[in-house]
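Convert by adding 200 to the 1-based position in the sequence shown; the result is the number in the working numbering. Accompanying notes for the structure given below.
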Amino acid sequence: MNWNKRYASRPKGPILYKHDDENFNPDDPRHGDYGYRMGCRCGVCKQFKSDEDKQHREKKLKELINNPDDPRHGTPGGGKVGCPCEPCQTAKINSRLNTQTKILSILKADPDHPLHGTLGGYNHGCRCDGCKDAMNTYKREYYRDLIGEA
Ligand SMILES: [Zn+2]
Ligand SMILES: [Zn+2]
Ligand SMILES: [Zn+2]
Numbered sequence: 201m202n203w204n205k206r207y208a209s210r211p212k213g214p215i216l217y218k219h220d221d222e223n224f225n226p227d228d229p230r231h232g233d234y235g236y237r238m239g240c241r242c243g244v245c246k247q248f249k250s251d252e253d254k255q256h257r258e259k260k261l262k263e264l265i266n267n268p269d270d271p272r273h274g275t276p277g278g279g280k281v282g283c284p285c286e287p288c289q290t291a292k293i294n295s296r297l298n299t300q301t302k303i304l305s306i307l308k309a310d311p312d313h314p315l316h317g318t319l320g321g322y323n324h325g326c327r328c329d330g331c332k333d334a335m336n337t338y339k340r341e342y343y344r345d346l347i348g349e350a
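If you want it as C-alpha cells, here you go:
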C-alpha cells in the first residue's frame, strides 16, 4: 500500500482542527465525538458533549433508581444526578455544607481574605466585624428600598 494513497483517502481538512483554527472546516464529518476529543469546541462538538453528559447522567440515575443496593447511593454524585432517595439527597446537602465549612475555616485562618467585609463572607458563616458590617449595611439598604425612603 502506497502511503500517499492511504493519506488521500482520509477526509479532507486538517487532522487537528479547532473552531478558532484558520483551517477550520465546519463541514468536516468528524465534528462531534472525534472533534471534541481533539479539542474542537465548535457548536456541533459542544452539543455532542452536552448530549453525551446528559445521557450519562440519565443512565446513572436509571441505574440508581433500579438498584437500591447500588454502592453509589448516599454519595454526593448520586444526589447530583438527581437520585431522590434520602441518603443521596443528604449526601448532596452535606457536601455543600462541607464546602461551606471549608471556606469558613479558610476565612478564619486568613483575616486578610478578600471575602471579609462582604456579604459572601457573612453568608459563609463568618461573623467578623467586617462581615457583620457588610450584612448590616445590606439589611439597612434592603429595608430602605423596601420602605421606599431615599
Ligand atoms: Zn467541532
Ligand atoms: Zn440514591
Ligand atoms: Zn469575615
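Every residue, glycine too, gets a C-beta built ideally from N, C-alpha and C.
Assignment of E258 by DSSP, reduced to helix, strand and coil, places it in the helix class. Taking each of T290, G278, P226, C245 in turn and checking the Cα distance to K259, the smallest one comes out for G278. Cβ-Cβ distances below 7 Å link K280 to K292 in the same chain, with the five nearest sequence neighbours on each side left out; the list follows chain order. Relative to N294, the option among P311, T275, D312, C242 whose CA is nearest is T275. No Cβ-Cβ contact shorter than 8 Å links C326 with L346. By the criterion of a C-beta distance shorter than 8 Å, N267 is surrounded by no residue of its chain, once the five residues flanking it on both sides are discounted. Straight through space, the alpha carbons of C245 and T301 are spaced by roughly 38 Å. Taking a 10 Å sphere around the C-beta of Y343, we find fewer than 16 other C-beta atoms and assign the residue as exposed. In this structure, P284 lies away from H273, with their beta-carbon atoms at least 8 Å apart. Only buried fits G235, as 16 or more other CB atoms lie within 10 angstroms of its CB.
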